[in-house]
Amino acid sequence: MRARSTIFTLFVEYIYPERRARVRDLITMMEVLGFSEAAVRAALSRSAKRGWVVPERRGRIAYYALSDRVYWQVRQVRKRLYDPPTPWDGRFLLVLPEGPKERGERERFRREMALLGYGSLQSGVYLGAGVDLAATQELLAFYGLSATLFRAEHLGPKEEVLRAFSLKEASAHYQTLFSSVPPVLEDPLLAFRTLTRLVHEMRKLLFLDPLLPPELLPPGFPGPSARERFLTLRETLYRQAEPFLKRLSLSPLTPGGITFRG
1 MRARSTIFTL FVEYIYPERR ARVRDLITMM EVLGFSEAAV RAALSRSAKR
51 GWVVPERRGR IAYYALSDRV YWQVRQVRKR LYDPPTPWDG RFLLVLPEGP
101 KERGERERFR REMALLGYGS LQSGVYLGAG VDLAATQELL AFYGLSATLF
151 RAEHLGPKEE VLRAFSLKEA SAHYQTLFSS VPPVLEDPLL AFRTLTRLVH
201 EMRKLLFLDP LLPPELLPPG FPGPSARERF LTLRETLYRQ AEPFLKRLSL
251 SPLTPGGITF RG
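For the sequence shown, counting from 1, position 206 maps to 206 in this note's numbering; every step adds exactly one.
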């Protein structure tokens, strides 16, 4: 876990729907995760230079707030991780964007399309099932790209479609996802560390697992069962981490907007 990427995970899981956090709270959480205060401040400073976060001060208290662009990314990650899937109508969304032309920007665009659930049929042709059209259009607008979009049915075997996605790689990651979860989690700090690492790995898996409708999944794909186990474990870990989280000035009081059952 790298410092800047981990800070993003903290905003995703504990700070949202707020878009700003007190620097002192970020340092406290990151120190529990094994990062020094100097490393945290350096990561925040580099993120500010890139325009990802904005430093703020209210009286004597220092904050960092997410930029509009990064806050949008946080919302997309949370929707993909925690919102129930929308029913699939059996049609695919095909996106043929005009660009980006620069290699680095093209790779960033490809990764963000994967985050939204798209695979690549071939260079410059993106395919999604059950994807969010509005989020797709917002992403195209962020990059200033025009695109041709189609809704279509696939008339061949589903194996032809599955080649567009990284399901084998996702499956390998799911197999080890829970291997580092300790058998006993009574320590609030240990629960916080375990939850943060699980969320961090789950959000990275969104770049590999498009969360396809059940009708399209290959036999034995572990994604749905791993997701169900993660959501159940998340509730348990929040309860166990609560004494630590209550020491922080996070809003809302229930971290990350989670709704507990029972």
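No residue lacks a Cβ here, since even glycine has one placed at the ideal position from N, Cα and C.
Excluding five sequence positions before and after F142, the CB atoms of its chain that fall closer than 7 Å to its own CB belong to R69, given in chain order. Here T86 carries a coil assignment [DSSP, helix/strand/coil]. The C-alpha of L206 is placed about 7 Å away from the C-alpha of A114. Burial state of G34 is exposed, judged by a 10 Å Cβ sphere holding fewer than 16 other Cβ atoms. One alpha carbon belongs to E31, the other to R151, and they sit about 48 Å apart.
At a Cβ-Cβ threshold of 8 Å, R239 and T9 do not count as neighbours.
Counting only runs of 3 or more residues that sit fully inside the segment 11-94, the beta strand (DSSP E) segments are 20-22, 53-58 and 61-66, in chain order.
Short of 6 Å from the beta carbon of V95, and not among the five residues preceding or following it, lie these beta carbons of its own chain, in chain order: Y126, A147 and L149. For the 8 Å CB-CB criterion, G144 and G128 do not form a contact. In this structure, DSSP gives V181 a state outside helix and strand, which the three-state scheme calls coil.
Using a Cβ-Cβ distance cut-off of 8 Å, the segment 20-31 and the segment 49-64 are in contact, since at least three pairs of beta carbons, one from each stretch, lie closer than that value. Around A3, the same chain offers M30, F35, A39, V40, A42 and A43 as residues with beta carbons nearer than 8 Å, after the five sequence neighbours per side are excluded.
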